[in-house]
Structure formats: C-alpha cells, structure tokens
Amino acid sequence: MSKFTNKLINESSPYLLQHAHNPVNWYAWGEEALQKAKEEDKPILVSIGYSACHWCHVMEHESFEEEETAKLMNDNFINIKIDREERPDLDNIYMDAVQAISGSGGWPLNIFLTPDKKPFYGGTYFPPQRAYNRASWKEVLQNISKLFKEKRTEVEAQAEELTQHIGRSATSVSTKNFSSNISAEEIFTRQQVDGIFENIIKQADKKWGGFGKAPKFPQTFTINYLLRYYHYTKNEDALHQACLSLDKMIQGGIYDQIGGGFARYSTDAEWLAPHFEKMLYDNALLIGTLSEAYQITKNISYKKTIEQTIDFIERELSNKNGGFYSALDADSEGVEGKFYVWSYDEINEILGADTGRDDTAGWSQLFCEYYDIIPNGNWFEGTATQEHKNILRVLTPLPDFAKQKNLDVLNLQQQLKCCEEKVLQARNKRIRPQTDDKILLGWNAMMITALCKAASALGISRYKEMAVNNFYFLFSHFKVKDNQFEFYHTYKEGIAKYPAFLDDYAYLIEACICLQEITSNNKYLQYARSITEFVFENFASAEENIFYYTGKKQSDIIVRKKEIYDGAVPSGNSVMAGNLFYLSIILNNAEWKEKAAGMLNSLSELIIKYPTSFGNWACLLINIFAGIIEIAVCGKGFENKRDELLNYFIPNKILQCTDSSQDEYPLLAQKSISTKPFIYICRNYTCQLPIDNIPSIINQIVNNPKFT
Numbered sequence: 000m001s002k003f004t005n006k007l008i009n010e011s012s013p014y015l016l017q018h019a020h021n022p023v024n025w026y027a028w029g030e031e032a033l034q035k036a037k038e039e040d041k042p043i044l045v046s047i048g049y050s051a052c053h054w055c056h057v058m059e060h061e062s063f064e065e066e067e068t069a070k071l072m073n074d075n076f077i078n079i080k081i082d083r084e085e086r087p088d089l090d091n092i093y094m095d096a097v098q099a100i101s102g103s104g105g106w107p108l109n110i111f112l113t114p115d116k117k118p119f120y121g122g123t124y125f126p127p128q129r130a131y132n133r134a135s136w137k138e139v140l141q142n143i144s145k146l147f148k149e150k151r152t153e154v155e156a157q158a159e160e161l162t163q164h165i166g167r168s169a170t171s172v173s174t175k176n177f178s179s180n181i182s183a184e185e186i187f188t189r190q191q192v193d194g195i196f197e198n199i200i201k202q203a204d205k206k207w208g209g210f211g212k213a214p215k216f217p218q219t220f221t222i223n224y225l226l227r228y229y230h231y232t233k234n235e236d237a238l239h240q241a242c243l244s245l246d247k248m249i250q251g252g253i254y255d256q257i258g259g260g261f262a263r264y265s266t267d268a269e270w271l272a273p274h275f276e277k278m279l280y281d282n283a284l285l286i287g288t289l290s291e292a293y294q295i296t297k298n299i300s301y302k303k304t305i306e307q308t309i310d311f312i313e314r315e316l317s318n319k320n321g322g323f324y325s326a327l328d329a330d331s332e333g334v335e336g337k338f339y340v341w342s343y344d345e346i347n348e349i350l351g352a353d354t355g356r357d358d359t360a361g362w363s364q365l366f367c368e369y370y371d372i373i374p375n376g377n378w379f380e381g382t383a384t385q386e387h388k389n390i391l392r393v394l395t396p397l398p399d400f401a402k403q404k405n406l407d408v409l410n411l412q413q414q415l416k417c418c419e420e421k422v423l424q425a426r427n428k429r430i431r432p433q434t435d436d437k438i439l440l441g442w443n444a445m446m447i448t449a450l451c452k453a454a455s456a457l458g459i460s461r462y463k464e465m466a467v468n469n470f471y472f473l474f475s476h477f478k479v480k481d482n483q484f485e486f487y488h489t490y491k492e493g494i495a496k497y498p499a500f501l502d503d504y505a506y507l508i509e510a511c512i513c514l515q516e517i518t519s520n521n522k523y524l525q526y527a528r529s530i531t532e533f534v535f536e537n538f539a540s541a542e543e544n545i546f547y548y549t550g551k552k553q554s555d556i557i558v559r560k561k562e563i564y565d566g567a568v569p570s571g572n573s574v575m576a577g578n579l580f581y582l583s584i585i586l587n588n589a590e591w592k593e594k595a596a597g598m599l600n601s602l603s604e605l606i607i608k609y610p611t612s613f614g615n616w617a618c619l620l621i622n623i624f625a626g627i628i629e630i631a632v633c634g635k636g637f638e639n640k641r642d643e644l645l646n647y648f649i650p651n652k653i654l655q656c657t658d659s660s661q662d663e664y665p666l667l668a669q670k671s672i673s674t675k676p677f678i679y680i681c682r683n684y685t686c687q688l689p690i691d692n693i694p695s696i697i698n699q700i701v702n703n704p705k706f707t
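Using numbering that gives the first Met the number 0, the letters of the sequence shown map in sequence onto residues 0 to 707.
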C-alpha cells in the first residue's frame, strides 16, 4: 500500500497517475480544484507535463515526492496537475505566459495563477537546491506565497496584464485584403517560393543535416518543402539537404537502430543523443516525409526505415482494437535511456566473440564497428549508471563500410540483421519504458495520413488496411453522442473525454482526404465535408480568417487562442487551409477556396521570412503556386492505374476514381465509363483527352511551365 494517495488516482492519464501517490495534494484541472481556490482564496499552482518527459520525472522525484516540499505546496497552494497531451489548450495558454515572463519555455511547466485562473509567475524545471542559475523549488514556493499574501494588488495587476497580453497575442493575426476576383494561383509568386527556399537553406546544417543548432528536431515540414521545391524546380541543393537531413537522422541515435522508430529530438547536432521518448506524432510525420522522399529517390534505406517504424508502432504502440497509443517513456528503472543503451562488453556477450567468420575480426566486432560501439562508450550523461554506455548509430553508410572491410554488401546486410535480431531479443528481456496508453484523436488521424502515404509509396496493402481500421476505431470510440460529427479529444479504457480541438478535426479531415485517394470510396469525402462544416460552426472567427484552437462551447479557459505556428505538429490552421483548398476543388465550393487562399495570404510575409516555423503553410503555398492538377481515373478495373499513379510524387494533385457514373462530383461528372480505365488530366475541371499510359502523364505533370 502507498503511503499517500491524492485525487489523481481517479484519472486515466498515465502522466497524472504517475503522480497519484505523491504527498502533494494534487487535483486534476476541473471545477472542484478551481472552486476550492476561490473558497480558500489561495493561489493555484499548475504543473504541466507529459508521461514521456524526462525532466518531468526528475522534478517529481526531487521535489513532488519529498514530504517537506509537499507540505509547503499543500499549505499555501491549490495544486493542479495537467497532462499537456490531454489539455493542449491549457498548455498553450500558460506556456505563452511563461515565455512572456522568462523568455523561454519547456516541460515541466510550472505556473502560478490567481484564484480566477490568471497567471502571474512561472517557469519550467526548478531544482531542489539552487543550481543552473535557478532558484530552488522551495525558494520559489516561499517567495510566491509571500508575494501573494503581502502584495496582492501587484499580483492581481501583473496577472491582468499578462492575461491581456496572451489575449492580444491570441488574436494578433493581421488579415490582408483579399480579392475573390483574383484566382488563388495568381496571388502567390515565384519570388515568394524562391524566398522560402533561400531562407531555409540559410538555416541548414550542411554537414549533419537538419536546421539550426542543437537541440535538433526533425522539422519534417521543412524537409517536405525542400522535396516540393526540388520536384518543381529540379534544384539539386534542395533535394540534397532534404535527403542529408533524413539520412543523418536514420543513421543517428535519434533512430532506434535495433527496434525501429524515432525519438522526439536530439540533444546534439549529430543526432546522437536523444531524450529517448518516442512519440506517435513524430513517427507519423517522419513516415509521411520518408514516403515522399522514397517516391522521389527510390532510396531503399527510406523503404526499410518506413517498414521498421511501422513495425515498431504495430508492436509497441498498438491497441488490439485498432487505435494507436501516444508514447513510450524516456526512462526505465528511473534512468533515462537505460532500455536503449549498451556497453561494449554487453554486445560482445550477446553476439559472442566470433559468430562464424574465419578472420580475427568476428561479426561481433564488425557489428560494434558499424554501430559505433566502443569500450569507453560514445555517450556519457554524467551518471555512474550510464558510464561507458553506447547509443547505436551509423557513422559510415553500409555500402562504404562494406567496401572498407572488403565485404559483399548483401552478405554484410544479412549478417548485421542476424546480429540486430539477437540484440533485440536481449533488449526485450529488460524492464521496458512505460507506455502512455491513452489514445488521442489528432495523433491517430496523423497516423492514418502517414499510413496512406506509406501505402501509396510502397504499394503495401496492409498499411491501407491499418489506416482504414484505425479510422473506424476513431469513429466508433471518439464521437459525441447526439452529434454525428462532434468528437472527443482523448480515449482510454472505454472512456472518451474532453472536447476535441481544432488540430483534432483538421487532422481527421486530412485523414479522410487521404483515405479517399487510396480507397476511392467517396464516403470519406462526405465525412470530410460534414466535419469541415462542424469546424466552421464551432471554431470560426467572425473577425479573422484564422480558426480558434478551442470550440465555442468551451468555458474553462481564460482566452480563446488562434495557433498559427507549425511546431512539433502542424498547426490546425495550416492543415485546415490545405483541407479547404483541396475540398473546394473536389466539391466545387468557391467559398472554401477563398477562405483557404485568404488564410494563406494573411500569413505569407511570415511564411517567407520564417519558413522553419511555418513549414506546413509553405508547402501549401508552393503547391497552389504550381497549380493544382486534377486527375480522374474512370472505368472498370481502375484500381491498378490508381495504385500506379500513387507510387509517384505528385504533391499538387487531386485524385478521384470511379467505375460508375458519379455526376455529383465535378471531376467525375460526364466521364464515360468503359470496360477499360482511362485517365483524365484536368485543370479547373477542363480536361485533356483521356489516355491510359501513366509514364506519359508523369512527363506532362513534371514539366511545370511556372518553373521553366
């Protein structure tokens, strides 16, 4: 039996449950805690994190499990724990406040509120004793408590000013005048497209790939833009930087060389040392980007990585009913990365000094050389438990390594695979990191899109089946009763809760669009239409083109924000703009096209100037400038033609297929249905003569007159 149990014991979030036996009297965000703060006239301490967060665990062990510290918190504050993945709306609001206070943010996020939920002070990680130029957590608690009691007027004024600042920043998007008399394709220019590329390249790491300095995040949207820029312009520098970034990530420690799947980010410029947490959304986004890169390059390494990553998700993040879990923890047995790292001796013990080679090196030694496993360790985190440990990474690509060792590439590949399987078997006997087994609507929808892209690029039907199964899981478990197209945000063990946010709906609409393209089932378009109408009704702003992050019914937040930046995940607004533009053409809805173009035009200056913060927006801009290609495949047995087309990288396409009359869709209307499938290439519903030779179609598409 645990010595302490608090209100979090009744929650479903793995992150909140991690704190259920802290001596701190934690509450979940809700009416009980908020009302208690008002009745007792106490400041609210809100601590926000997520289950896979390493420094969240550190602060819990150092401070929230310590009884003297807990008493200080309990006596002076109403303490609320929030899982940022369950309540990203609250995280967004209070992260803005901390960034305004301190100039930086991160998790754990610790912020102090007045009893009416307005922030007045906050920060991220605080150590138990003064360190890292930071006050200790106890000092912070004592000072804030004293400040609230003795200088209440100043606290209230600071809170009001900070709340107004958040409110202003939440609605600060300036809307340019937009004339519906000008076609969307004419608004955006080659100069803008080139400017985005030039500003991306200025930030590119030409040696190790990626963008900017450490810590390094995958920035898949930026890579996606480079792939599109190459596709349209044939600029080799764009393709080189995109592929360099992917190659270095795949070869680095951010990628699990043994089990597949990517960690959230790298702490260093070389992609060696991640913070080991594996998130569903990162892997979904990287699968999508790798699928596009494979369509262009046919690089077998990208295919292998896609397959390994999907295998990892199936093996370790899958619910038996078709849903996908959120994350794997960074820590196991209280140590960051312990599950994933190896000593030189451990590897040699698993593989044996020699596993069959005639020369003196042995396969164990070659395995160590290939994966940079050295006696003293290639990673040292400053703790005795991690001394002499190695994170597996590849410094010399396989073909070059085989040449150096005078080995046959295929034989080397097979032997390394055998070694990898043995090491994986040994790893599976270790104590695993905790799985965050809540299922999030938006992240699952992103995974559907990723599976659709992988199915298209690789032609693997199983991925299509996984996508369809996940879609029906979401529709079965997340829908709000009495409204067919209203959804909850999170689900676990039979319970769905919290109203879905803009991101959830935007990603779900995008998933519907992708499913229609790979299945040719128009019911997904009907779902997309209905969900989009729900978004307009509940998230639209009367003053600006940009949608609110939260629905109009939500009442427990101090401001309604509008999120526009593409961060770790694409902003709901950038995805909605893309959805609206696509649907406006396939459903012949001029108002939605005008809305999408207006959203994009409103932000065009920011997109050009700061493309790595607006990468998904940038991809939409270049696609619209290039011009949307409408492709209809009509006739009996169209599936083979459709699937062959899907193998190609055509980022500005709209694809619809049928073997029967479908006059309700303008792209399919009045197309003859024969016993043989024919392909129509159209722009603005004006089609060329039908043909059945796909290579000739690709040649037509590739030569875009706007880029010659």
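No residue lacks a Cβ here, since even glycine has one placed at the ideal position from N, Cα and C.
Whole-angstrom C-beta distance between residue j and residue i, which should lie under 8 Å
i, j, result
"Y547", "L501", "7 Å"
"S708", "R641", "Residue coverage of the chain in this structure runs from 0 to 707, which leaves residue 708 outside it and unanswerable."
"C367", "I346", "6 Å"
"L579", "A589", "Contact doesn't hold; Cβ gap of about 11 Å is too wide."
"K723", "S11", "There is simply no residue 723 to check, as the chain begins at 0 and stops at 707 in what is shown."
"I77", "Y26", "7 Å"
"V45", "I79", "5 Å"
"C719", "P676", "Absent from the model: residue 719. The displayed extent of the chain is 0 to 707, so no value can be given."
"Y324", "I438", "6 Å"
"G208", "K247", "4 Å"
"T123", "G104", "7 Å"
"Y280", "W442", "5 Å"
"P709", "S50", "There is no way to answer for residue 709, as the model of the chain reaches only from 0 to 707."
Residues near residue i in its chain [Cβ-Cβ closer than 7 Å; skip 5 each side]
i, result
"S1", "H20"
"E419", "I257"
"I8", "A19"
"I222", "A241, S244, L245 and T288"
"D95", "I165 and S168"
"F648", "H230, E291, Q294 and I295"
"G614", "Q218, F220, T221, N223, Y224 and D565"
"F400", "Y369"
"D358", "Since pLDDT at D358 reaches only 43, below the 50 mark, its modelled position is unreliable, and the value read off the structure follows with that caveat. Nothing meets the Cβ criterion."
"A499", "L440, F486, Y487 and H488"
"I557", "I92, K116, K117 and T162"
"M72", "V23, L44, N78 and L140"
"W28", "I79, I81, R86 and L89"
DSSP three-state assignment for residue i, whether helix, strand or coil
i, result
"H56", "helix"
"E492", "coil"
"F730", "No answer is possible for residue 730: it lies beyond the span of the chain, which begins at 0 and ends at 707."
"P87", "helix"
"K428", "coil"
"D713", "Since the displayed the chain opens at 0 and closes at 707, residue 713 lies outside it and no answer follows."
"D358", "Confidence at D358 is low in this model, with a pLDDT of 43, below 50, so its placement is unreliable and the value that follows should be read with caution. Reduced to three states, the DSSP call for D358 is coil."
"G104", "coil"
"T657", "strand"
"A383", "With a pLDDT of 47 at A383, under the threshold of 50, the modelled position of that residue is not reliable, and no figure is offered here."
"I530", "helix"
"G752", "This structure does not reach residue 752, given that the chain is present from 0 up to 707, and the question cannot be answered."
"R133", "strand"
"S317", "strand"
"G571", "helix"
"P396", "coil"
Proximal residues to residue i (C-beta, below 6 Å), its chain only, five neighbours per side dropped
i, result
"I621", "V192 and R227"
"I713", "The shown model of the chain, from 0 to 707, leaves out residue 713, and the question about it has no answer."
"I200", "none"
"K463", "A454 and I517"
"S673", "G634"
Sequence-distant residues of its chain with Cβ nearer than 8 Å to residue i (five each side left out)
i, result
"A510", "A444, M445, I447, T448, C451, A466 and F470"
In chain order, which continuous runs of the alpha helix (DSSP H) of length 4 or greater are located wholly inside the region 587–640?
-> Listed in chain order, the complete alpha helix (DSSP H) runs (minimum 4 residues) inside the region 587–640 are 589–601, 603–608 and 614–625.
Entirely enclosed alpha helix (DSSP H) segments - the region 5–81, minimum 4 residues | Fully enclosed alpha helix (DSSP H) runs of no fewer than 4 residues occupy 13–17, 30–39, 53–58 and 66–75 of the region 5–81, in order along the chain.
Whole beta strand (DSSP E) elements within the region 203–289, 3-residue minimum = List check, beta strand (DSSP E) in window: nothing returned.
Whole alpha helix (DSSP H) elements within the region 647–696, 4-residue minimum = Taken in chain order, no unbroken stretch of alpha helix (DSSP H) lies wholly in the region 647–696 with a span of 4 residues or more.
Cβ contact check for the region 257–276 and the region 397–416: 3 or more pairs under 8 Å | As far as the Cβ criterion goes, the region 257–276 does not touch the region 397–416, which means the pair count is below three.
Would you call the region 110–129 and the region 151–163 touching, i.e. three or more CB-CB distances under 8 Å?
-> Between the region 110–129 and the region 151–163, the count of C-beta pairs closer than 8 Å reaches three or more; the two stretches touch.
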